[in-house]
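*Asks:*
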Amino acid sequence: MTLGRLARGAGFALLAVAILLTGAWCSLALWFQCPAGEALCGALAGAAMVLALATVLCLASSRRWLAVALYAAAFAGVLAWWTTIRPTNDRDWAPDVARAVTATSDGDRLVVDGVRNFAWRSDADFDARWERRSYSLSRLSDVDLVMSYWAGEAIAHTIVSFGFDDATRLAFSIEIRKRKGQAFSSLAGFFRQYELAIVAADERDVVRVRSNVRGEDVRVYRLRMTPANARVLLAEYVREANDLARRPRFYNTLTTNCTTLVFAMVRAIHPGLPLDARVLLSGYLPDYAYDLGATDTSMPFAQLRAVSRIRDKAARADAAPDFSARIREGIPVPR
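Residue 42 in full-length UniProt numbering is what sits at position 42 of the sequence shown, and the numbering runs on without skipping anything.
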């Protein structure tokens with residue numbers, strides 16, 4: 001076989017892979033976003049995959065380029081439709097993401113509207129409370145990383161909590177903005193199925209619901225960050241929240257999630273912060289922070305991870321006013 005034939009064969013193989021991958025994307029996009037009924041959505045999704053397979057089979061025929069042209073036209077049509085799918089703040093939202101947080105600052109004073117402070121008894125039984133809270137920026141003292149695990153070590157939910165020297169805390173959680181009755185799917189998160197939400201909350205809400213109500217493995221890591229840098233990071237959260245309230249965005253499982261957005265905001269403080277696979281595999285984010293020296297490093301990471309677990313302390317503290325202080329007992333502060 002000549003070198004030319006090998007190159008031609010490799011080219012057709014790459015074209016076949018591209019057609020199959022784009023066909024799979026079109027199929028899933030139609031399944032998740034087609035506005036018609038489930039039966040028609042399924043039929044369109046199936047037709048997209050059949051068209052891709054048929055086009056690949058035609059690569060061995062004399063009409064290969066006609067088939068490729070027809071497939072390209074169909075793919076362009078799906079892309080054109082895809083651009084019409086826009087995020088919105090106007091839906092029948094689930095109660096826990098019903099309000100969009102906004103904040104204003106005036107000198108030393110930060111006022112946050114829409115701080116969530118639900119009293120959770122179960123995921124379906126709660127007292128909904130949305131509050132307006134005021135914070136003194138000069139009293140901002142520390143930042144903690146809160147990680148919640150529910151399915152192994154690789155994936156976790158990331159919460160960033162800001163502490164003030166009067167013992168109050170303001171926690172931020174980046175989540176999907178679910179509609180009523182909507183469940184989360186990692187696969188659907190690639191296909192504009194969910195809007196993005198930034199939740200500002202009391203820790204007795206956003207941490208306790210995960211540790212005490214859902215039984216997740218929640219861990220708290222104290223971060224090495226100066227008050228000045230903490231203030232910059234808080235300002236980034238405020239900017240993102242205000243922008244999201246004005247201009248909604250879609251959540252994306254890979255690129256726009258609870259960890260990648262935090263990483264982008266931290267880069268406002270450390271522009272040279274290296275990208276690492278552990279940013280995408282969010283459960284390993286604390287390992288990454290440890291390697292950067294952002295957490296306590298006076299003990300091996302395995303030991304730090306063990307003392308960071310708060311489930312038992314959270315269960316004992318439950319809804320106590322000093323919940324935040326009690327769950328941090330025994331967790332080292334970086335020096």
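Glycine residues also receive a C-beta, built at the ideal position from the N, C-alpha and C atoms.
Should E131 be labelled buried (16 or more other beta-carbon atoms within 10 Å of its own) or exposed?
*Replies:* Exposed.
*Asks:* Please classify R247 as buried or exposed, where buried requires at least 16 other C-beta atoms within 10 Å of its C-beta.
*Replies:* R247 comes out exposed.
*Asks:* Would you identify the three-state DSSP class for F184, choosing helix, strand or coil?
*Replies:* Of the three classes helix, strand and coil, the one that applies to F184 here is coil, per DSSP.
*Asks:* Rank A230, V199, R208, D276 by C-alpha distance to the C-alpha of E240 and give the top, closest one.
*Replies:* For the residues A230, V199, R208, D276, the minimum Cα distance to E240 belongs to V199.
*Asks:* Going by C-alpha to C-alpha distance, which of R278, S211, A320, S134 sits closest to D123?
*Replies:* Checking every option, the nearest Cα to that of D123 belongs to S211.
*Asks:* Compare the C-alpha of L280 against each of T259, L292, S298 and name the closest.
*Replies:* Ranking the options by Cα distance to L280, first place goes to T259.
*Asks:* Determine the burial state of T55: buried for a count of at least 16 other Cβ atoms within 10 Å of its Cβ, exposed for fewer.
*Replies:* Label assigned to T55: buried.
*Asks:* Straight-line CA distance for C26 to A183?
*Replies:* Computed Cα separation, rounded: 22 Å.
*Asks:* Let's see if you can read the secondary structure: which residues bound the beta strand (DSSP E) around M147?
*Replies:* Unbroken beta strand (DSSP E) run through M147: 140–149.
*Asks:* I believe A315 touches F323 by the beta-carbon criterion, under 8 Å. Please report the beta-carbon distance rounded to the nearest angstrom.
*Replies:* Between F323 and A315 the Cβ distance is about 11 Å, and since that is not below 8 Å, they are no contact.
*Asks:* Measuring only the C-alpha atoms, how far is A119 from A171?
*Replies:* Distance between the alpha carbons of A119 and A171 is about 16 Å.
*Asks:* Report the residue from L3, K313, V238, A264 whose alpha carbon sits nearest the alpha carbon of D113.
*Replies:* If we check each option's Cα against that of D113, V238 comes out closest.
*Asks:* P334 and D296: beta carbons closer than 8 Å?
*Replies:* In this structure, D296 lies closer than 8 Å to P334 by Cβ.
*Asks:* What is the C-beta distance between W100 and L110, in whole angstroms, given that I count them as a contact (C-beta under 8 Å)?
*Replies:* First, the residue type needs correcting, since residue 100 is Ala and not Trp in the sequence shown. So it is not a contact: roughly 17 Å between Cβ atoms.
*Asks:* Going by DSSP in three states, A320 sits in which element: helix, strand or coil?
*Replies:* It is coil, neither helix nor strand.
*Asks:* Quick one, which of D142, E195, L275, S298 has its alpha-carbon nearest R86's?
*Replies:* Comparing Cα-Cα distances from R86 to each of D142, E195, L275, S298, the minimum goes to E195.
*Asks:* Over the uninterrupted alpha helix (DSSP H) stretch that includes E153, give me the two end residues.
*Replies:* From DSSP, E153 is part of no alpha helix (DSSP H); its letter is neither H nor E.
*Asks:* Just curious, the alpha helix (DSSP H) that Y290 is in, first and last residue?
*Replies:* That run of the alpha helix (DSSP H) goes 285–291.
*Asks:* Is it the case that the stretch 213–231 contacts the stretch 149–165, given that we only count it when at least three CB pairs across the two stretches are under 8 Å?
*Replies:* Yes, since at least three Cβ pairs between the stretch 149–165 and the stretch 213–231 fall closer than 8 Å, the two stretches touch.
*Asks:* Below 7 Å CB to CB, which residues in the same chain sit around A74 once its five sequence neighbours on both sides are set aside?
*Replies:* Only L51 meet the Cβ criterion.
*Asks:* What would DSSP say about F301, mapped onto helix, strand or coil?
*Replies:* Looking at F301 - three-state DSSP - the assignment turns out to be helix.
*Asks:* How long is the line joining the alpha carbons of T84 and A60, rounded to whole angstroms?
*Replies:* Computed Cα separation, rounded: 35 Å.
*Asks:* What's the call for R129, buried or exposed, on a 16-neighbour Cβ count within 10 Å?
*Replies:* Its Cβ having fewer than 16 others within 10 Å, R129 is exposed.
*Asks:* Compare the beta carbon distance of R219 and D142 with 8 Å and say whether it is the shorter of the two.
*Replies:* Not in contact: R219 and D142 (Cβ atoms no closer than 8 Å).
*Asks:* Considering L196, what are the terminal residues of the beta strand (DSSP E) in which it resides?
*Replies:* 195–201 is the span of the beta strand (DSSP E), which, as asked, contains L196.
*Asks:* Please confirm if the stretch 29–38 is in contact with the stretch 61–73, defined as three or more CB-CB distances below 8 Å between the two stretches.
*Replies:* No: the two stretches stay apart, fewer than three of their Cβ pairs being nearer than 8 Å.
*Asks:* Just confirm the distance between the C-beta atoms of R177 and W93, as a whole number of angstroms; I'd bet it's less than 8 Å.
*Replies:* That belief holds up - the Cβ atoms of R177 and W93 are roughly 6 Å apart, short of 8 Å.
*Asks:* Verify whether the separation of the beta carbon atoms of T253 and G189 is less than 8 Å.
*Replies:* Contact: yes.
*Asks:* Quick check for students: name the residue ranges of the alpha helix (DSSP H) that lie wholly in the stretch 64–120, counting only runs of 4 or more.
*Replies:* For the stretch 64–120, whole alpha helix (DSSP H) runs of length 4 or above, ordered along the chain, are 64–82.
*Asks:* Provide the residue(s) that pair with I174 in DSSP beta bridges, ordered along the chain.
*Replies:* Paired residue(s): I198.
*Asks:* Taking 8 Å as the threshold (C-beta atoms), are I159 and G283 in contact?
*Replies:* No, these two residues do not count as a Cβ contact at 8 Å.
*Asks:* Going by DSSP in three states, D243 sits in which element: helix, strand or coil?
*Replies:* Helix, per DSSP.
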